[in-house]
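Just so we're aligned, residue 1 is where the sequence shown starts under UniProt numbering, counting upward by one.
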Amino acid sequence: MLKHESFHAVSFDLLCDLLDRDTLSTTSEETIFRAVHEWCKHNVSGAHKADVLYGKVRFTLISQEGLLNVVRPTGVLDAERLLDIIVERKSSDLLPHCAKLYADVNLAEKATCEYGDWHDGRHDCTFDLG
Numbered sequence: 001m002l003k004h005e006s007f008h009a010v011s012f013d014l015l016c017d018l019l020d021r022d023t024l025s026t027t028s029e030e031t032i033f034r035a036v037h038e039w040c041k042h043n044v045s046g047a048h049k050a051d052v053l054y055g056k057v058r059f060t061l062i063s064q065e066g067l068l069n070v071v072r073p074t075g076v077l078d079a080e081r082l083l084d085i086i087v088e089r090k091s092s093d094l095l096p097h098c099a100k101l102y103a104d105v106n107l108a109e110k111a112t113c114e115y116g117d118w119h120d121g122r123h124d125c126t127f128d129l130g
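See the structure below:
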């Protein structure tokens, strides 16, 4: 849907709802950025709506190469913000993750969790989905 030409006809409110879904399935956050950027080029006359939409893109999930070769040339983020995102990607173990839903499949059915050592107010934890 994000790559279809009818995507440009989606309303701002519907696009916001789509981007807010945890179940939005795409190959990468870079694909979401490209779709939002194209939508904004065709639909946004004011900066407020564009700011709202770009604010829903999880830039920390875009590779450093994608940030530099795809995001940077658009001018959507200034150099300081790009550097902040790159530093956050390299230093954080708490980045947001994409999830996928599989109909009628319980991926956690055989899951186990092993708690490890206590560090900085939290346990290290290892999940095995079986």
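For each residue, glycine too, the CB sits at the ideal point set by N, CA and C.
For serine 45, there is no enclosing alpha helix (DSSP H), as DSSP gives it neither H nor E. Here valine 87 is exposed, its C-beta having fewer than 16 other C-beta atoms within 10 Å.
Around glycine 66, the same chain offers Glu30 as residues with beta carbons nearer than 6 Å, after the five sequence neighbours per side are excluded. DSSP places isoleucine 86 inside the alpha helix (DSSP H), whose first and last residues are 79-91. Taking the CA atoms as reference points, leucine 68 sits about 11 Å from phenylalanine 59.
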